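J.: Chains A and B are the protein sequences, given in the same order. The numbers in our numbering rise by one with no breaks, and the one at position 8 of the first sequence is 8. The numbers in our numbering rise by one with no breaks, and the one at position 698 of the second sequence is 754. Handing you this structure, nothing more for now.
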Amino acid sequence: MSIALLLIPLGLLLLAVAVWAFFWAVNNGQFDDLDHVAEHALEDESPAAALPKSPP
Amino acid sequence: MSQVAAHLHWHGARGLEQAEFFAEGMHCANCARSIRAGVGALPGVRQVDVNLTTARVSVSWDPDRARLGTVLDAVEDLGFHAVPLNGTAGSEARHAARRGMQKRIGLAGLAAMQMSMYTVGLYAGAWSGIDPWIEQLLRVTAMLIAVPVLLYSGAPFLAGAWHDLRRRSLGMDVPVAAALLLAFIASVLDTWRNSGQVYFDSVAMFVFFLLVGRYVEMNVRRSSLNAGEALVRSLPATVTRLRDDGRSERVPLQQLNAGDRLVVPLGAVIPVDSTLERGSTLVDESLVTGEALPVTRAAGARLPGGAINMGAACTVRASADARHSTLASMAALIERAQAERPPQAQAADRAAAHFVFWIVLLAAATAVFWYWFDPARAFPATLAVLVVTCPCALSLATPAALAAATTRLARRGVLVTRADALERLAAIDTVVLDKTGTLTNARMQLADVRCVGALPRSAALALAASLEQRSAHPLAAAFIGATTDRVAITDLREHAGHGIEGIVDGATWRIGKSDWVAQLRARTDPAAARPAAPAALTNADPDADDCIWLGSAAGHAAAFSVADTLRPDARAAVARLRSLGLEVRIASGDRRATIARVAAELGIAAAEGRMDPQAKLGLIRRLQAQGRHVLMVGDGINDGPVLAAAHASCAMGGGAALAHAAADLLLMNESLVGLAGAVQTARGATGLVRANLRWALGYNLCAVPLAAAGLVSPWLAALGMSASSLYVVERARRFARTDA
Numbered sequence: 001m002s003i004a005l006l007l008i009p010l011g012l013l014l015l016a017v018a019v020w021a022f023f024w025a026v027n028n029g030q031f032d033d034l035d036h037v038a039e040h041a042l043e044d045e046s047p048a049a050a051l052p053k054s055p056p
Numbered sequence: 057m058s059q060v061a062a063h064l065h066w067h068g069a070r071g072l073e074q075a076e077f078f079a080e081g082m083h084c085a086n087c088a089r090s091i092r093a094g095v096g097a098l099p100g101v102r103q104v105d106v107n108l109t110t111a112r113v114s115v116s117w118d119p120d121r122a123r124l125g126t127v128l129d130a131v132e133d134l135g136f137h138a139v140p141l142n143g144t145a146g147s148e149a150r151h152a153a154r155r156g157m158q159k160r161i162g163l164a165g166l167a168a169m170q171m172s173m174y175t176v177g178l179y180a181g182a183w184s185g186i187d188p189w190i191e192q193l194l195r196v197t198a199m200l201i202a203v204p205v206l207l208y209s210g211a212p213f214l215a216g217a218w219h220d221l222r223r224r225s226l227g228m229d230v231p232v233a234a235a236l237l238l239a240f241i242a243s244v245l246d247t248w249r250n251s252g253q254v255y256f257d258s259v260a261m262f263v264f265f266l267l268v269g270r271y272v273e274m275n276v277r278r279s280s281l282n283a284g285e286a287l288v289r290s291l292p293a294t295v296t297r298l299r300d301d302g303r304s305e306r307v308p309l310q311q312l313n314a315g316d317r318l319v320v321p322l323g324a325v326i327p328v329d330s331t332l333e334r335g336s337t338l339v340d341e342s343l344v345t346g347e348a349l350p351v352t353r354a355a356g357a358r359l360p361g362g363a364i365n366m367g368a369a370c371t372v373r374a375s376a377d378a379r380h381s382t383l384a385s386m387a388a389l390i391e392r393a394q395a396e397r398p399p400q401a402q403a404a405d406r407a408a409a410h411f412v413f414w415i416v417l418l419a420a421a422t423a424v425f426w427y428w429f430d431p432a433r434a435f436p437a438t439l440a441v442l443v444v445t446c447p448c449a450l451s452l453a454t455p456a457a458l459a460a461a462t463t464r465l466a467r468r469g470v471l472v473t474r475a476d477a478l479e480r481l482a483a484i485d486t487v488v489l490d491k492t493g494t495l496t497n498a499r500m501q502l503a504d505v506r507c508v509g510a511l512p513r514s515a516a517l518a519l520a521a522s523l524e525q526r527s528a529h530p531l532a533a534a535f536i537g538a539t540t541d542r543v544a545i546t547d548l549r550e551h552a553g554h555g556i557e558g559i560v561d562g563a564t565w566r567i568g569k570s571d572w573v574a575q576l577r578a579r580t581d582p583a584a585a586r587p588a589a590p591a592a593l594t595n596a597d598p599d600a601d602d603c604i605w606l607g608s609a610a611g612h613a614a615a616f617s618v619a620d621t622l623r624p625d626a627r628a629a630v631a632r633l634r635s636l637g638l639e640v641r642i643a644s645g646d647r648r649a650t651i652a653r654v655a656a657e658l659g660i661a662a663a664e665g666r667m668d669p670q671a672k673l674g675l676i677r678r679l680q681a682q683g684r685h686v687l688m689v690g691d692g693i694n695d696g697p698v699l700a701a702a703h704a705s706c707a708m709g710g711g712a713a714l715a716h717a718a719a720d721l722l723l724m725n726e727s728l729v730g731l732a733g734a735v736q737t738a739r740g741a742t743g744l745v746r747a748n749l750r751w752a753l754g755y756n757l758c759a760v761p762l763a764a765a766g767l768v769s770p771w772l773a774a775l776g777m778s779a780s781s782l783y784v785v786e787r788a789r790r791f792a793r794t795d796a
């Protein structure tokens, strides 16, 4: 059962990585606008003003 | 703070200063009450308005006795965060709040998933035996994960409860925080003692479910700000003003004056009512009038504030300052509607506040009961009682449904100006329509042409149209639209109050009032000092609203009758109102014969003409005495008292009428068909309110006894509570989206 000593810290590490990745995505504005970004591809000409500003 | 202050503060009326902001962290009626009481108690503060649905707070104070800083400090002290309504600081703060919420949810969700693996291990171990050291390892690991979940993801609940307790009130966060801390501390003690059951997984799941509920609620609250308010918030903080020397400067919107010239770039909101200086542009007026398609406007056209410029950058001249534009009036009306809490919602709020108190009491009773009866179940049962109850569903039921209905109506150009208008509108059974400006539009149309002598009808029309071609008088439109023929004309002159004069082929012609036209003949033929109009012409249609004469030195040549035209959608609108089971009547100040004709055309039996406002008031009182609920529809300007007396009232919106409208509803796109839709939506909304309240009450009545009996595990309780408020909000959202 000593494998648990390895697997549990490994699980914690994976959790930390997952949380870090999610925070990174949020901070990069990946979840800021979930409704309208998909429609950008259909717009004729996308003037710079209509696009969301690049993330800081 | 100074950055915030710059965006939310201005000098109000009567020497008072005023500030308006969002209070982040406001979730319930109790929060709203504490802001109202806490800020209202400051010395010098005159008025505090708190809108729970939109989380907007408006404070006005006496600058000699209070300062903006004191007000904002008080708000922060109560546990809320003041965020400006618009401007970049405001949107950044809202952005940050949203992202923070997403991170909290993400952490809680991932942690809950990971933790359930360890918990399954613990459960399996309890069933089939487990090494004590591994059991302890699993507990400690779960505890390690639970700490950031409680302290980071759960922080809003803990902070909310702390502020609630500090101001000695019981908000919704109190039972939540109590449950979280109880579960966490008990689990830590059990881990320390190396025995018993741990609830770390319940803590994580509870936080996760609750946060998801709050997050959805936050989004709905922001999207249910109705179109008008969303628009006011989309106004730029500064505008580009053109100076007389041709250079441009950026000035705050508040400093804009009537007569200033502005540059409006592509895609920008036209901030105030204005006229287009030159060229033409495409304008999207949907936010103001509900008109879906962009319209082309030429130079000189009036652009309502709030329209969006869809064409190239254009120059406009402001015709009013920011405070007196269509947009400002709309905003004020919406504000009024939202500041008032409908009686139904107030009752639900009070119930929710009492509810929290009883829940805490009930949780204590549950703990005591199980402690005597079966100590092992005392803890989970108490936890479940604290968690399972949901006062949010109760207090959200009414505002969510009403906000949804308001949004739906705003999209179709119907502005709701009173909070309780929808409730009253749902109850009406009789509609009384005014004629002029309501059933008919202000556009005049030629009803009849009669000629004398040799002048043929077409020639008379062509003459009239040519004389009227440059006139801005409403009557001129009737002639200009009647024929495309024109004759060459010189010396065209308009005599105010009389008519128009011009020279055709060397002969002077006049169009206008009978006496004035007759003077032409009197000039050349003094014998006929004041010739009367020919008998054949004086016997004009008595129903005609107005009679206009055409004549030359030879005397009267033709008479034109002009009447306003029925709105194209009037017939359809009356039919739809009827199909809703409403009785439709006409009450108008116009001639009886005209009204009879209009009524016959629309198939309305009950029509009365020659009614002054007093008589209309009498009619409404009479109908009300018969136990009827009357909706009065007028043009909103001269029938103010009549509108006020009716059970519900509706006026044609637009322009100046907006500012002093006494009506509950305004039809911004001047389409009567919207009226039937509004009645239908109001009925739907009141139905939804009742269904929501029934559901929230039913849920709590079922869930609490089950939890107290120890039949609901804490995580299931968390799921049930979040689901119940989500259900209420989601139904309102669906209602806002469906089209009826």
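Don't be surprised by glycine CBs; every beta carbon is placed ideally from N, CA and C. Note that this is a predicted model, so its numbers are computed, not measured.
1) If contact is defined by three or more beta carbon pairs under 8 Å, each pair taking one atom from either stretch, is the stretch 606 to 616 of chain B in contact with the stretch 631 to 644 of chain B?
2) Among B/A656, B/T296, B/L458 and B/V232, which has the Cα closest to the Cα of B/L816?
3) Nearest CA to the CA of B/E799: which residue from B/L744, B/A773, B/L775 and B/L417?
4) Measuring only the C-alpha atoms, how far is B/R154 from A/L12?
5) Buried or exposed: where does B/I415 fall if 16 or more other Cβ atoms within 10 Å of its Cβ makes it buried?
6) So, is the C-beta of A/V26 closer than 8 Å to a C-beta in chain B?
7) State the CB to CB distance for the pair B/Y255 and B/A234, rounded to an integer number of angstroms; the pair is presumed to be in contact (CB under 8 Å).
8) So that I know if they touch, is there some Cβ in chain E lying closer than 8 Å to that of A/I8?
9) Between which two residues does the alpha helix (DSSP H) containing B/E786 stretch?
10) Anything in the stretch 155 to 181 of chain B with a Cβ closer than 8 Å to a Cβ of chain A? List those residues in chain order, please.
11) Have a look at B/A432, B/P360 and B/D316 and flag the residue whose alpha-carbon is nearest the alpha-carbon of B/R301.
12) May I ask you to report which of helix, strand or coil DSSP gives A/N28?
13) When Cβ atoms are compared, which residues of the stretch 180 to 200 of chain B fall closer than 8 Å to chain A?
14) Which partner residues does B/S617 have in the DSSP bridge list?
15) Give the C-beta separation of B/I91 and B/A79 to the nearest angstrom, bearing in mind that I take them to be a contact with Cβ-Cβ under 8 Å.
16) If we cut at 8 Å on Cβ distances, does A/L15 have a partner in chain B?
17) Leaving out five residues on either side along the sequence, give the residues of the same chain with a beta carbon under 8 Å from the beta carbon of B/S769.
18) Could you tell me whether any Cβ in chain B is nearer than 8 Å to the Cβ of A/A38?
19) Can you give the beta carbon distance from B/L193 to A/A4, rounded, assuming they're within the 8 Å contact cut?
20) Can you give the beta carbon distance from B/L723 to B/G730, rounded, assuming they're within the 8 Å contact cut?
21) By a C-beta neighbour count over all protein chains shown, 10 Å radius and 16 as the cutoff for buried, is B/A585 buried or exposed?
22) Considering B/G568, what are the terminal residues of the beta strand (DSSP E) in which it resides?
23) Report yes if the C-beta distance between B/R373 and B/T331 is below 8 Å; otherwise report no.
24) Note down, in chain order, every chain B residue with its Cβ under 9 Å from the Cβ of A/L12.
25) As a quick exercise: from B/R526, B/S251 and B/V104, pick the residue whose alpha carbon is nearest that of B/A182.
26) Give the secondary structure of B/A701 by DSSP, where H, G and I count as helix, E and B as strand, and everything else as coil.
27) Would you say A/A41 lies against chain B (beta-carbon separation less than 8 Å)?
28) So for B/V372, helix, strand or coil by DSSP?
29) Out of curiosity, what's the CA-to-CA distance linking A/L6 and B/A419?
30) How would you write the range of the beta strand (DSSP E) that B/D340 sits in, first residue to last?
31) B/H551 lies in the beta strand (DSSP E); which residues open and close that run?
32) With B/E30 as the anchor, note down where its alpha helix (DSSP H) starts and where it stops.
33) Is it buried or exposed for B/Q59, if we count other Cβ within 10 angstroms and need 16 for buried?
34) According to the neighbour-count rule (16 or more other Cβ atoms, all chains shown, within 10 Å of its Cβ), is B/D340 buried or exposed?
35) Taking the beta strand (DSSP E) that B/R102 falls in, what are its first and last residues?
36) Any heavy atom of the ligand FAD closer than 7 Å to the beta-carbon of B/G315?
T.: Concretely, from the data shown:
1) no
2) Examination of residue 816 of chain B is not possible in this model, given that chain B is present from 57 through 796 alone.
3) The displayed coordinates of chain B run from 57 to 796. Any statement about residue 799 of chain B would go beyond what the structure contains.
4) 27 Å
5) buried
6) yes
7) About 14 Å; that fails the 8 Å criterion.
8) Annotation note: the requested chain E is absent from the structure, which comprises protein chains A and B.
9) P770 to R793 is the extent of the alpha helix (DSSP H) around B/E786.
10) R155, Q158, K159, G162, L163, L166, A167, Q170, M173 and Y174
11) One point to set straight first is that residue 301 of chain B is Asp, not Arg, in the sequence displayed. Of the candidates B/A432, B/P360 and B/D316, the one whose C-alpha sits nearest the C-alpha of B/D301 is B/D316.
12) Coil at A/N28, not helix or strand.
13) Under the 8 Å Cβ criterion, the stretch 180 to 200 of chain B contributes D187, I190, L193, L194, T197 and L200.
14) B/D504 and B/C603
15) 6 Å
16) For A/L15, at least one C-beta of chain B is nearer than 8 Å to its own C-beta.
17) S258, P436 and A440
18) no
19) 7 Å
20) 5 Å
21) With a pLDDT of 48 at B/A585, under the threshold of 50, the modelled position of this residue cannot be trusted, and the question is left open.
22) Looking at the DSSP string, the run of the beta strand (DSSP E) that includes B/G568 is A563 to G568.
23) It is a contact, given that the beta carbons lie within the stated cut-off.
24) Within 9 Å Cβ-Cβ: Q170, T197, L200 and I201.
25) B/S251
26) Looking at B/A701 - three-state DSSP - the assignment turns out to be helix.
27) no
28) strand
29) 42 Å
30) S336 to D340
31) T546 to H551
32) Only positions 57 to 796 of chain B appear in the structure, and residue 30 of chain B is not among them; the question remains open.
33) Model confidence at B/Q59 stands at a pLDDT of 42, short of 50, so the residue's coordinates are unreliable; what they give is reported in the following sentence. Result: exposed.
34) buried
35) Its beta strand (DSSP E) spans residues V101 to N107.
36) Summarising the ligand content, the structure contains no ligands, and the ligand FAD is consequently not present.
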